[in-house]
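Trainee: First, the structure itself, so that you have it in front of you.
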Amino acid sequence: MNDSEKALDQLKVIRSMMERATVYRALSAPAAIFGGTLAIVVGIYFYTQEKNGEFVSGTQYFWTWVVALIIGDSFNGFLLLRRAKSEGKKFFSAGLKLTFLRTAPAVIAGGLISYEAAKGLDVELCTFVWVLCYGAAILAMGEVAPRSLKRLGWAFIISGTLLFLIWMKFKAALSAVLGVDYIGSASIMMIVTFGMLHIGHGIGVIIRKGKS
80 MNDSEKALDQ LKVIRSMMER ATVYRALSAP AAIFGGTLAI VVGIYFYTQE
130 KNGEFVSGTQ YFWTWVVALI IGDSFNGFLL LRRAKSEGKK FFSAGLKLTF
180 LRTAPAVIAG GLISYEAAKG LDVELCTFVW VLCYGAAILA MGEVAPRSLK
230 RLGWAFIISG TLLFLIWMKF KAALSAVLGV DYIGSASIMM IVTFGMLHIG
280 HGIGVIIRKG KS
């Protein structure tokens with residue numbers, strides 16, 4: 080297969096995914112609400128641990144959130160698999176492979192950098208990396224992503240950047256005002272971003288679907 084044929088095949092895949100954007104958007108609502116709720120639960124757990132004076136290591140923080148990510152992605156995968164079976168289509172489609180390839184750089188870079196930050200107990204930096212790289216991964220999907228998902232990606236980029244700038248300028252003051260240390264502040268940021276933004280996205284999709 081020459082380069083022009085490969086490009087043509089990729090364009091066909093992109094066109095197919097754009098045509099199915101409504102389906103993906105509908106499926107993203109329950110997955111986003113589930114993932115957002117899970118993020119709030121885990122965030123509250125860590126926040127409570129710190130308020131109770133329990134020591135939480137950086138690696139414990141990191142791997143607990145990784146498990147939460149796996150659970151959330153598994154639920155999303157289940158929804159996609161059920162939809163694929165109902166339509167008699169392959170689950171590991173060319174479109175899914177293209178999505179993996181486009182999001183992989185941000186996911187891999189974010190995973191490696193955040194793990195090193197967490198090992199050094201810099202869990203706040205770890206959290207910023209997650210938020211920004213997650214937003215970058217969503218936007219990397221490009222034209223194959225529904226507009227609602229692109230808005231979610233930009234919401235993560237903007238909120239992550241603003242939180243980072245506030246943290247850099249007022250770190251000590253914020254800790255005193257909020258009455259928390261590094262685990263508590265990182266947990267609050269995870270609740271605000273991965274929790275509330277996901278739930279807001281899911282509710283928004285449901286409302287727009289009802290109006291249409």
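Just so you know, the sequence shown maps onto residues 80 to 291 in this note's numbering.
Note that beta-carbon positions come from the ideal geometry of N, C-alpha and C, so glycine has one too.
1. Do the stretch 204–221 and the stretch 181–189 touch if we need at least three Cβ pairs shorter than 8 Å?
2. Ignore the nearest five residues each way along the sequence and tell me which others in Ser266's own chain have a CB closer than 6 Å to its CB.
3. Secondary structure at Pro109, three-state DSSP: helix, strand or coil?
4. Where does Phe154 fall in DSSP's three states?
5. Please say whether Gly156 and Leu117 have beta carbons closer to each other than 9 Å?
6. Name the residue from Leu241, Phe243, Arg230 whose alpha carbon lies nearest to the alpha carbon of Ala216.
7. Quick one: what's got a C-beta closer than 7 Å to Val202's C-beta in the same chain, skipping five residues either side?
8. Once DSSP output is grouped into helix, strand and coil, what is the label at Met275?
9. Do three or more CB pairs link the stretch 235–242 to the stretch 269–284 at distances below 8 Å?
10. For Ile282, collect the residues of the same chain with a Cβ closer than 6 Å to its Cβ; drop the 5 residues on either side in sequence, then sort them by chain order.
11. Three-state secondary structure (DSSP) at Ile282?
12. Going by beta carbon distance, what residues of the same chain come within less than 7 Å of Phe113, once the five residues before and after it are set aside?
13. Who are the near neighbours of Tyr194 in its chain, counting only those whose CB is closer than 7 Å to its CB and skipping five residues on each side?
14. By DSSP, does Gly189 sit in helix, in strand, or in coil?
15. Output the boundary residues of the alpha helix (DSSP H) element that contains Val208.
16. Rounded to whole angstroms, what's the CA-CA distance from Ala219 to Pro225? Just pull it up for me.
17. For Gly221, does the count of other Cβ atoms within 10 angstroms reach 16, so buried, or fall short, so exposed?
18. Can you name the start and end residues of the alpha helix (DSSP H) that Ile262 belongs to?
19. Can you grab the Cα-Cα spacing for the pair Ala100 / Phe249, in whole Å?
Mentor: On the basis of the data shown:
1. yes
2. Your numbering for residue 266 matches position 187 in the sequence shown. So the qualifying residues of the chain are Gly122, Phe125, Tyr126.
3. In the sequence shown, counting from the first residue as 1, residue 109 sits at position 30. Residue state, collapsed to three classes: helix.
4. One-based indexing of the sequence shown puts residue 154 at position 75. When DSSP states are grouped into helix, strand and coil, Phe154 belongs to the helix group.
5. In the sequence shown, residue 117 corresponds to position 38, counting from 1. In the sequence shown, residue 156 corresponds to position 77, counting from 1. No; because the gap between Cβ atoms is not below 9 Å, this pair is not in contact.
6. Mapped onto the sequence shown, residue 216 falls at position 137. Comparing Cα positions, the closest option is Arg230.
7. One-based indexing of the sequence shown puts residue 202 at position 123. Here the set comprises Gly137, Tyr140, Tyr261, Ile262, Ala265.
8. Working through the sequence shown from its first residue, we reach residue 275 at position 196. In the structure shown, Met275 sits in a helix (DSSP, three-state: H, G or I).
9. yes
10. Along the sequence shown, read from residue 1 onward, the residue named residue 282 stands at position 203. Closer than 6 Å at the Cβ level, and outside the excluded window around Ile282, lies no residue.
11. Looking up residue 282 in the sequence shown gives position 203. Correct three-state label for Ile282: helix.
12. Against the sequence shown, residue 113 aligns to sequence position 34. Cβ neighbours of Phe113 beyond the five flanking positions: Gly151, Phe154.
13. By 1-based counting over the sequence shown, the position of residue 194 is 115. Cβ neighbours of Tyr194 beyond the five flanking positions: Phe141.
14. Within the sequence shown, the letter at position 110 stands for residue 189. In this structure, Gly189 counts as helix in the three-state DSSP scheme.
15. Walking along the sequence shown from the start, residue 208 turns up at place 129. First-last of the alpha helix (DSSP H) with Val208: 202–219.
16. To locate residue 219, count along the sequence shown from 1; it is residue 140. To locate residue 225, count along the sequence shown from 1; it is residue 146. Going by the C-alpha atoms only, they are around 12 Å apart.
17. To locate residue 221, count along the sequence shown from 1; it is residue 142. Exposed, by the Cβ-count rule.
18. Here residue 262 is taken as the residue at index 183 of the sequence shown, counted from 1. Under the DSSP assignment, Ile262 falls in the alpha helix (DSSP H) whose first and last residues are 261–269.
19. Start at 1 with the first residue of the sequence shown, and residue 100 comes out as number 21. Start at 1 with the first residue of the sequence shown, and residue 249 comes out as number 170. Low per-residue confidence applies at Ala100: pLDDT is 46, beneath 50, and the placement is therefore not dependable, though the value from the model is reported in the following sentence. Cα to Cα, the separation comes out at about 41 Å.
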